[in-house]
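Below is one structure, written out as structure tokens, with a few remarks after it.
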Amino acid sequence: MSEDFQSDQDFALGPDDFPSPEEYQLHCLRHSTSHIMAAAVQQIFPDARFGIGPPIKNGFYYDMQLPRPLTPEDLTEIELRMREIVKEGREFQQQTWNKDKALEFFGSHSQNFKLELINGIPGETVSTYSIGDFTDLCAGPHVRRTSQCKHFKLTSIAGAYWRGSERNPMLQRIYGTVWPTKDELEEHLHNLEEARKRDHRRVGRELELFMTHEWSPGAPFWLPKGTTLYHTLQEKLRRLLSRNGYLEVKAPLLGSHNLFRTSGHWDHYKENMFIVEDEDGADFGLKPMNCPMHMLIFGSKRRSYRELPLRLAEQSPLHRNERAGALAGLTRVRQFQQDDAHIFITEDQIGEEVTRLVGLLKRIYTAFGMPYRYVLSTRNEEKFMGDIPLWERAERLLAEGLEANGLEYTIAKGDAAFYGPKIDQMVQDSLKREHQLGTIQLDFQLPRQFNLSYVNAENSESIPVVIHRALYGSFERFIGILIEHYAGAFPLWLAPVQAKVLSISEKTVDYAREVYDRLIEADLRVELDARDDKIGAKIRDSQLEKVPYMLIVGAKEAEARAVAVRSREKGDEGASPLDDVIARIRQEADFNY
RNA sequence: GCCGGUGUAGCAUAGAGGUAAUGCGACUGACUUGUAAUCAGUAGACCGGGGGUUCGAUUCCCUCCACCGGCUCCA
């Protein structure tokens with residue numbers, strides 16, 4: 023360990039708490055830069071009251087209460103002063119104070135948030151760090167001196183509630199990023215710019231996949247090309263599911279309050295539901311989830327253990343009244359469709375069903391070239407229903423289901439919902455960002471609330487276990503992630519337009535039209551560009567539209583009944599007979615999970 | 001919901017207390033084109049909605065709406 027890092031003291035966090043020395047050093051660097059920022063802010067606003075300023079992924083933030091809202095110009099000013107502090111090379115000096123001294127010190131500086139923190143810290147003493155005249159309550163660790171924090175940039179200003187609670191005052195938060203070297207900082211800023219360029223909202227508009235309108239906030243309008251994408255994902259999934267024992271259903275969108283009272287949504291989820299009244303004033307709700315409806319389907323007749331596992335899949339629209347400030351693009355919407363399913367099983371079938379599910383996830387996500395990992399969420403000691411032995415058995419079965427497939431996973435202790443443990447699938451996209459997509463949730467409660475049972479082999483009644491599961495998550499969010507993963511350049515089987523026929527001149531339009539018709543007959547998604555324009559311009563437009571294949575036809579091709587193929591990735595591939603090209607594209611487009 | 005920001009033609013941007021400009025796109029015409037932008041012309045904006053200040057507001061103020069960045073990754 024380098025002596026640039028304060029690993030030699032008795033800190034709350036030491037090098038051993040991190041997976042690697044690099045991460046430990048980054049932690050120190052980011053935490054330290056956060057202090058430098060606070061010191062700079064204090065120079066400008068002597069009355070600033072500080073909250074917390076932790077290191078985070080890629081950087082740091084600091085929450086503070088200031089006499090006025092910050093502007094972007096303030097960030098520039100703060101950065102300037104930070105650079106001075108960095109240049110001065112002030113030393114990070116640690117001191118251990120007893121609490122009385124700390125309370126007196128921070129009290130005399132009106133740092134009431136710090137007082138609250140001190141009172142929440144166990145033990146008799148607290149740790150502080152000073153750089154020059156700026157002293158902060160902090161467990162550390164830090165770098166040795168401020169001169170080590172050269173390569174930073176302040177990135178944004180945001181509002182944040184003190185301790186994340188809406189009942190607390192709103193503080194101002196400044197986010198920043200910092201790296202050990204200039205190159206790494208520049209690379210990070212470059213990555214941010216790249217991410218901005220492939221933002222699904224931007225690409226979705228440019229490629230005419232979807233639109234939004236202020237008269238339907240939180241509900242995307244799927245344009246023709248986006249609808250093709252949506253349907254393709256639905257159909258590929260349907261095929262996979264029907265081959266794996268799923269039965270698709272379509273339950274109503276609207277349900278009586280009686281349904282949602284029974285499911286518990288009326289008591290626990292009503293503020294997120296859209297409620298409508300019929301002419302007599304009876305309350306109905308738009309379903310926020312499919313599960314209550316599927317319970318009714320299961321309960322609609324006497325069920326036998328021979329029917330289990332009963333796998334009911336549904337892709338219907340769901341509505342959730344998300345808070346206005348939480349809406350964003352396709353990732354946080356009010357109307358969406360999950361690739362939902364509820365699997366009714368006996369307790370004995372849990373392990374095998376998990377195996378089947380991770381098998382399905384594997385097929386799907388290898389198709390997209392996205393690596394992933396699993397997280398098992400276990401019982402929360404404070405909020406859970408049902409008996410503990412059943413929970414423990416179920417958690418073990420989930421774990422075994424993963425292990426039996428040679429899958430590594432981490433455990434999120436206490437993160438389960440009250441009704442049962444779950445496995446979440448964390449998927450990495452091409453920009454190495456993680457998204458929670460697939461989920462496998464056990465539920466011991468809902469079948470009981472709906473009084474569900476089946477006749478077991480001993481001819482008595484048993485209560486089924488339910489698995490709620492999604493593979494894509496929601497189509498909306500999944501498409502948003504795919505757009506960014508591929509930057510709009512979808513694989514052939516998924517591309518809204520698979521090929522575009524480009525005519526070189528007016529003289530070859532008839533043949534171009536013929537080529538177009540042949541591709542249509544071959545069930546390919548194809549467009550014809552017969553404008554009176556130069557071939558270069560048509561190629562450029564197709565390339566910007568990210569069409570996988572351009573089929574260029576001029577006099578030579580018409581003569582030979584051929585097309586010149588230009589692929590999105592490889593460029594000009596020369597001419598081939600039309601029949602061969604159709605066969606080739608057809609074969610490549612023929613894809614299933 | 002809360003904090004901050006933004007809202008000008010389909011898109012990207014400019015502008016200023018006296019009703020708006022540029023590029024791309026669209027449309028029309030000419031060119032008939034061989035692998036990432038042919039040329040010329042035309043049309044297109046109640047400057048997000050409502051209210052106020054003012055002789056006059058798109059510009060300043062208030063309010064509503066939408067969008068964007070956030071709202072524990074816990075000293």
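Residue numbering for the first sequence follows the working numbering, starting at 23 and increasing by one per position.
Where a beta carbon is used, it is the ideal one built from N, C-alpha and C, also for glycine.
Annotation: the stretch 260-295 contains the following complete segments of the beta strand (DSSP E) (minimum length 3 residues), in chain order: 268-270 and 276-278. Sorting 269, 271 and 292 by C-alpha distance to the C-alpha of residue 280 places 292 at the top. By the neighbour-count criterion, in which 16 or more other beta carbons inside 10 Å mark a residue as buried, residue 375 falls on the buried side. The Cβ-Cβ distance between residue 312 and residue 273 falls below 9 Å. The beta carbon of residue 67 sits closer than 7 Å to those of 88 and 89, all from its chain and outside the five residues before and after it, given in chain order. Between residue 229 and residue 568, the beta carbon gap of about 7 Å places them in contact (Cβ cut-off 8 Å). Rounded to the nearest whole angstrom, the CA to CA distance from residue 276 to residue 308 is 5 Å. DSSP lists no beta-bridge partner residue for residue 472.
If you draw a straight line from the Cα of residue 288 to the Cα of residue 510, it comes to about 40 Å. In its chain, beyond the 5 residues on either side, 522, 524, 561, 564 and 588 have a beta carbon closer than 7 Å to the beta carbon of residue 572.
Comparing alpha-carbon positions, the option among 199, 64 and 465 lying closest to residue 77 turns out to be 199.
Nearest Cα to residue 295 within the set 340, 262 and 334: 340. Taking one beta carbon from each stretch, the stretch 209-224 and the stretch 571-586 have fewer than 3 pairs nearer than 8 Å; the two do not touch. Taken through DSSP and simplified to helix, strand or coil, residue 244 comes out as strand. Between residue 387 and residue 445, the C-beta spacing is not below 9 Å. For residue 361, the enclosing beta strand (DSSP E) stretches over residues 357-367. In this structure residue 240 is in contact with residue 344, their Cβ atoms being roughly 6 Å apart against a cut-off of 8 Å. Annotated as proximal: residue 270 and residue 337, with beta-carbon spacing under 9 Å. For residue 299, the enclosing beta strand (DSSP E) stretches over residues 297-299. Around the C-beta of residue 423, 16 or more other C-beta atoms lie within 10 Å, and the residue is accordingly described as buried. A Cβ-Cβ distance of about 19 Å is found for the pair residue 168 and residue 197, leaving them out of contact under the 8 Å criterion. Taken through DSSP and simplified to helix, strand or coil, residue 533 comes out as helix.
Looking only at 596, 537 and 614, the smallest Cα-Cα distance to residue 604 is reached by 537.
The shortest CA-to-CA distance from residue 327 to any of 65, 487, 314 and 429 is the one to 487. The stretch 138-148 and the stretch 101-112 do not touch, with fewer than 3 CB-CB distances between them shorter than 8 Å. Between residue 608 and residue 546 a beta carbon distance of about 7 Å is seen, short of the 8 Å cut, so the two are scored as contacting.
Residue pairing by DSSP places residue 119 opposite 148 in a beta bridge. About 11 Å separates the beta carbon of residue 597 from that of residue 580, a gap too long to meet the 8 Å contact definition. DSSP places residue 523 within a strand segment (E or B) once states are collapsed to three. In the structure shown, the three-state DSSP call for residue 330 is coil.
Fully enclosed beta strand (DSSP E) runs of no fewer than 3 residues occupy 81-87 and 115-120 of the stretch 70-134, in order along the chain. Scanning the stretch 368-415 from its first residue to its last, the whole alpha helix (DSSP H) runs of 4-plus residues come out as 372-389. Taking the C-beta atoms as reference points, residue 259 is found no nearer than 9 Å to residue 158. Collapsing the DSSP output to three states places residue 583 in coil.
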